[in-house]
Amino acid sequence: MMKLNSYCIHSKVLTWIRSFLIGRKQKVVITGCESIWTSVISGVPQGSVLGPVLFLIYIYINDIVENLSCNAYLFADDMKLFSGITSDLDINKLQTDINTISTWTDKWLLKLNAQKCKTMTVGKSHNDQTHTYQLDSQNLCTVTEEKDLGVLINNDL
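Sequential numbering from 2 applies to the sequence shown in the working numbering.
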């Protein structure tokens, strides 16, 4: 709610959004077996109209890029970091940005899955990459191609 309030959203609308997001519970049903009801402490309801709208207009995630030294692209819940790497200093800056993002996601209860995060070196020197980046002490997988929004991109573009 603190982020919504910082956008000067009218108090009545803020109260309505708060009632939509706060106090939610969920359970899982698999082949007729039900879990117990559990409080939902973060995120927006999937399948709702307001949930994606709040996320897509970056009310929730737009400040993730504020303290980064590298460039970043955001599209809904997808983020790409990119930077020219010409020295160990550049490698350290990128790793620091990954750490900064991890700290931000921990703070806002949006834990990242390191197994879904990948690195790719694009350009002439991609065969020389020996550095492995980490997210929460887990090595990130290095790939030579990746599908992004339906487009297959490889390390030679």
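Beta carbons are placed, not taken as given, at the ideal position from N, Cα and C, and that holds for glycine.
What is the DSSP secondary structure of residue i, counted as helix, strand or coil?
i, result
"residue 13", "helix"
"residue 144", "coil"
Quick one: using the 10 Å Cβ neighbour count with 16 as the cut-off for buried, is residue i buried or exposed?
i, result
"residue 66", "buried"
"residue 98", "buried"
"residue 150", "exposed"
"residue 134", "buried"
"residue 55", "buried"
"residue 102", "buried"
"residue 23", "exposed"
Are the Cβ atoms of residue i and residue j separated by less than 8 angstroms?
i, j, result
"residue 84", "residue 95", "yes"
"residue 136", "residue 43", "no"
"residue 117", "residue 144", "no"
"residue 51", "residue 76", "no"
"residue 131", "residue 156", "no"
Where residue i and residue j are concerned, what is the direct C-alpha to C-alpha distance, given to the nearest angstrom?
i, j, result
"residue 40", "residue 125", "50 angstroms"
"residue 140", "residue 114", "12 angstroms"
"residue 35", "residue 26", "14 angstroms"
"residue 18", "residue 53", "13 angstroms"
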